[in-house]
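Residue numbers for the sequence shown follow my numbering, so the first one is 384 and each next one is one higher.
Report on one structure; see the data block that follows.
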Amino acid sequence: MRNTTRQTRENRTITIDFQDETTYFQVLGDGKAFVELVMAFILAIGFQLKHQATCRGGGCLTRHSHYVRVRLGGIRIWRLQCTRCKAVFTVLPHFVLRYRQMRPEVARDALVAMQGGLSLELCAVIGHLSPMALYRLVCALGQHSLVTVLTRCGLALPPYFLADEKHSRCLTNKVYLPTVVSGRVIWHLGYTEDASAAALTQSYGEFHRAALQQEPAYRVQGILTDGFDSTTKSMRTLFPGVRLGNCLRHALMKLPKKLAAIASPVRQVLRSQFHTLLSRARQRKGLRVFALGQRLRRFADHVAATAGAANGARVRQWFQDKKAGWYAVLEDPRMPVTSTLLDQAHNAIERKLFAMKGFHHPGGSQQAFLRGLAHLYNLVPYQRRAQHVGQCGVEVEGGRVPTRDWFLNLQILTSEGFR
Ligand SMILES: [Zn+2]
Numbered sequence: 384m385r386n387t388t389r390q391t392r393e394n395r396t397i398t399i400d401f402q403d404e405t406t407y408f409q410v411l412g413d414g415k416a417f418v419e420l421v422m423a424f425i426l427a428i429g430f431q432l433k434h435q436a437t438c439r440g441g442g443c444l445t446r447h448s449h450y451v452r453v454r455l456g457g458i459r460i461w462r463l464q465c466t467r468c469k470a471v472f473t474v475l476p477h478f479v480l481r482y483r484q485m486r487p488e489v490a491r492d493a494l495v496a497m498q499g500g501l502s503l504e505l506c507a508v509i510g511h512l513s514p515m516a517l518y519r520l521v522c523a524l525g526q527h528s529l530v531t532v533l534t535r536c537g538l539a540l541p542p543y544f545l546a547d548e549k550h551s552r553c554l555t556n557k558v559y560l561p562t563v564v565s566g567r568v569i570w571h572l573g574y575t576e577d578a579s580a581a582a583l584t585q586s587y588g589e590f591h592r593a594a595l596q597q598e599p600a601y602r603v604q605g606i607l608t609d610g611f612d613s614t615t616k617s618m619r620t621l622f623p624g625v626r627l628g629n630c631l632r633h634a635l636m637k638l639p640k641k642l643a644a645i646a647s648p649v650r651q652v653l654r655s656q657f658h659t660l661l662s663r664a665r666q667r668k669g670l671r672v673f674a675l676g677q678r679l680r681r682f683a684d685h686v687a688a689t690a691g692a693a694n695g696a697r698v699r700q701w702f703q704d705k706k707a708g709w710y711a712v713l714e715d716p717r718m719p720v721t722s723t724l725l726d727q728a729h730n731a732i733e734r735k736l737f738a739m740k741g742f743h744h745p746g747g748s749q750q751a752f753l754r755g756l757a758h759l760y761n762l763v764p765y766q767r768r769a770q771h772v773g774q775c776g777v778e779v780e781g782g783r784v785p786t787r788d789w790f791l792n793l794q795i796l797t798s799e800g801f802r
């Protein structure tokens, strides 16, 4: 047996945009020009290199060694070394994917097609790839933390967010995808096989740990959920004292289910009256929290009068259980009001999962694959006819991306050599 005490070298790969390939091959022979181009690019995107812990950078970078990527037709890859701390950075030119033979433009086209709703298999055929190669590429992207990539884009950790689980299937098993969304970006997309509070706490806890690592002072102000018991329990465990709200749109959808054995028109009228009540509350036109309590009581009385005492009692009990969550939404104007954006994210992810059922094998890396999909959700620009056409979710939320090429952005943002 080999003695496995070999030194584990920290991965410090960086992807650099040399604009076009000929520039890269020109500067390969000129060490000074090469280093200058690399430094200029890093400066332009506002990133910093990950030196050794004791080094502040500021020293010189020198060309250290090169190796040849045989699978890419013998492209020479240079390494740079910091003269102070001796950290070594592997410089990947923009037209090379780490560990992969696939050309970035091929990967980009296949992933855009996938994002547009084509199945993994069809996307692979278009790009003359194997579906498995594409699957592995998404999994490789998913090795990188969502929190790291999003904060690299200049997004602040969300003080308010939406949290909910997508119910899905992996082969015949029921599985759950605990998700944290703020505006148009996914901050966490987990994978659990049961919906217990413990399992959800474990999954959401991964987001919490990553966030604290990024920003030790990170405090969550408010969270909107759909009111599922395990979700709220796990949120209380992870974020003690946080303001927990219940989605108002969800409340509206739930009301008809509380009204049994009445004629459909009566149910519809009640629903529309409840809609008016909630939308006034949403607009916060002078409707204070105590006024909402009063209106909910009156509405329950009204249900009892029009739909019978049993329905009235059921609705009253339901209000009793949920109203604290609705108050929480109304008390703080910064709280999200509905979980619509989270539902949109879930639907987008669900469409991808549906398209690749064949890859839900027991030995697969479901978690990495999902996280890879979440990166794509955040960074692929919206297509024609979309409200924010040409922008990606990160940009809509006020973040910056390094270049105009979303796939190059993904290569740069998931580089391990940046801090
Ligand atoms: Zn250094």
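Glycine is no exception: its CB is placed at the ideal position from the N, C-alpha and C atoms.
The model shown is predicted, which means the values in this text are computed figures rather than measured ones.
Inter-residue spacing [alpha-carbon to alpha-carbon] between residue i and residue j
| i | j | result |
| --- | --- | --- |
| VAL471 | ASP400 | 19 Å |
| PRO623 | VAL421 | 45 Å |
| LEU583 | ARG787 | 37 Å |
| GLY429 | LEU793 | 16 Å |
| CYS630 | GLY708 | 8 Å |
| PHE752 | ARG462 | 30 Å |
| TRP789 | GLU393 | 26 Å |
| THR437 | CYS468 | 8 Å |
| ASN730 | ALA546 | 15 Å |
| GLN464 | ARG452 | 19 Å |
| THR396 | THR575 | 31 Å |
| GLY676 | PRO561 | 31 Å |
| GLU404 | LEU475 | 12 Å |
| LEU512 | THR398 | 23 Å |
| GLN431 | THR615 | 38 Å |
| PHE611 | ALA693 | 24 Å |
| LEU660 | ARG654 | 10 Å |
| GLN402 | PRO514 | 29 Å |
| GLU714 | GLY628 | 10 Å |
Residue i classed as buried or exposed, judged by whether at least 16 other C-beta atoms fall within 10 angstroms
| i | result |
| --- | --- |
| CYS775 | buried |
| VAL652 | exposed |
| TYR407 | buried |
| LEU426 | exposed |
| PRO727 | Before going on, a small fix: residue 727 reads as Gln here, not Pro. When all chains shown are included, GLN727 counts as exposed. |
| LEU449 | First, the amino acid is wrong: residue 449 is His here, not Leu. Looking at its Cβ environment, which holds fewer than 16 other Cβ atoms inside 10 Å, HIS449 is exposed. |
| PRO487 | buried |
| PHE737 | exposed |
| LYS640 | exposed |
| HIS633 | buried |
| TYR710 | buried |
| ALA646 | exposed |
| ASN556 | exposed |
DSSP bridge partner residues for residue i (one or two, in chain order)
| i | result |
| --- | --- |
| PRO561 | GLU548 |
| TRP461 | HIS449, VAL474 |
| PHE737 | Note: PHE737 sits in no beta bridge, so no partner. |
| LEU607 | LEU545, GLY628 |
| THR575 | TYR559 |
| ARG483 | LEU480 |
| CYS506 | Beta-bridge pairing links CYS506 to no other residue. |
| VAL432 | The sequence given here has Leu at residue 432, not Val. Paired residues: PHE801. |
| TYR765 | VAL772 |
| VAL399 | What sits at residue 399 in the sequence shown is Ile, not Val. For ILE399, which the question treats as bridged, DSSP gives the partners PRO476. |
Given residue i as reference, the closest of the options once Cα atoms are compared
| i | options | result |
| --- | --- | --- |
| THR620 | ARG483, ILE606, LYS433, ALA539 | ILE606 |
| SER798 | THR531, MET515, LYS549 | THR531 |
| HIS591 | ALA634, SER613, PRO541, ILE509 | PRO541 |
| VAL495 | PHE702, GLY747, LYS735 | LYS735 |
| SER748 | ARG519, GLU504, LEU455, LEU480 | ARG519 |
| PRO648 | ASN761, VAL521, THR689, SER722 | THR689 |
Short Cβ contact (7 Å threshold) for residue i with residue j
| i | j | result |
| --- | --- | --- |
| SER565 | GLY573 | no |
| ARG802 | LYS433 | yes |
| PRO785 | GLY773 | no |
| GLU733 | LEU538 | no |
| GLY525 | ARG783 | no |
| TYR837 | ARG699 | Since the first residue shown for the chain is 384 and the last is 802, residue 837 is missing from the structure and cannot be characterised. |
| PHE702 | ALA683 | yes |
| SER613 | ALA644 | no |
7 Å Cβ cutoff, residue i in contact with chain C
| i | result |
| --- | --- |
| GLU393 | Judged by its chain identifiers, the structure shown contains no chain C, having just a single protein chain. |
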